[in-house]
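Below is one structure; the comments refer to it alone.
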Amino acid sequence: MTELSRKRPEFRNINAFKDLTTYRLPPAGWVSILHRVSGALMFLLLPFIVWLFDLSVSSEFSFTRLKAAFNIGLGFVPGWFLKLVALALMWAFIHHLFAGLRHLYMELAHKYTKEFGRSSALGVLVLSIGLTLVLGAKLFGLY
Numbered sequence: 056m057t058e059l060s061r062k063r064p065e066f067r068n069i070n071a072f073k074d075l076t077t078y079r080l081p082p083a084g085w086v087s088i089l090h091r092v093s094g095a096l097m098f099l100l101l102p103f104i105v106w107l108f109d110l111s112v113s114s115e116f117s118f119t120r121l122k123a124a125f126n127i128g129l130g131f132v133p134g135w136f137l138k139l140v141a142l143a144l145m146w147a148f149i150h151h152l153f154a155g156l157r158h159l160y161m162e163l164a165h166k167y168t169k170e171f172g173r174s175s176a177l178g179v180l181v182l183s184i185g186l187t188l189v190l191g192a193k194l195f196g197l198y
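One rule links them: number in this note's numbering = place in the sequence shown (from 1) + 55.
Structure below.
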């Protein structure tokens, strides 16, 4: 069989309900999607971030109020939920930072191999999740 007579791959439209549930996304794909999600999360929760910053630096009384909000809650919102939102913001910042540095390094060093993309993506995932777990343990008072 010659090179020209070999059957070429067929490309077709995918069925979102059938094909997307079975598709295995590589680590670099997960990092790329999560980079966008983390950026959107930081943007959408920017008013919450500004509120937290304002309460933390305005006065000692407002800082004490902020600590109380995280411990006992704020109105109908329990304190553990505020901590989860803050933890989600921590993850978003950490992941966005590491993924952004990964992209910058790949651009500057011209590292576009499949192996480097996989290993650096796994590194970003491990670092961002690991650091988030450490900070989450501190936030929830485990140490």
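We treat Cβ as the ideally placed atom computed from N, Cα and C, and that holds for glycine. Bear in mind the structure is a predicted one, so any value in this text is a computation, not a measurement.
key: Closest by C-alpha distance to W135, when choosing among F72, L194, D74, M97   = Taking only the C-alpha atoms, the option nearest W135 is L194.
query = Measuring CA to CA, which of L142, N126, R157 is closest to G185?
reply = Distances from the CA of G185 to each of L142, N126, R157 were compared; the closest alpha carbon is that of L142.
ask   = Got a sec? Which residues, its chain only, sit under 8 Å from H90 by beta carbon, not counting five neighbours each side?
value = So the list reads H150, H151, A154, G155, H158, once near-sequence residues are dropped.
task = Kindly indicate which residue of P81, T77, T119 has the alpha-carbon position closest to the one of A176.
result = Measuring from the Cα of A176, the nearest candidate turns out to be P81.
request  = Round the Cβ separation of Y160 and K169 to the nearest angstrom and send it over; I've been treating them as touching at under 8 Å.
outcome  = Going by Cβ atoms, the distance from Y160 to K169 rounds to 16 Å, so no, they are not a contact pair.
message = Quick check on L100: does DSSP put it in helix, strand or coil?
response = Under the three-state reduction of DSSP output, L100 falls in the coil class, being neither helix nor strand.
ask   = Ends of the alpha helix (DSSP H) at R61?
value = No alpha helix (DSSP H) holds R61; DSSP gives it neither H nor E.
query = Residues bridged to V132 by DSSP?
reply = Assignment of beta-bridge partners to V132 by DSSP yields L129.
request  = Determine the direct distance from the alpha carbon of A164 to that of F98, and round the result to whole angstroms.
outcome  = If you take the alpha carbons of F98 and A164, they lie about 29 Å apart.
key: Cutoff 8 Å; reference L107; Cβ partners in own chain excluding five residues on either side   = Answer for L107: L121, A141, listed in chain order.
task = Compute the beta-carbon to beta-carbon distance between L180 and V92, rounded to the nearest angstrom, for a pair I have assumed lies under 8 Å.
result = Contact flag wrong, Cβ pair sits at about 13 Å.
inquiry  = Please classify T187 as buried or exposed, where buried requires at least 16 other C-beta atoms within 10 Å of its C-beta.
reply    = T187 should be labelled buried.
query = By Cβ distance below 7 Å, which residues in the same chain neighbour A83 in space, the five residues on each side in sequence not counted?
reply = The residues are G172, R173, A176.
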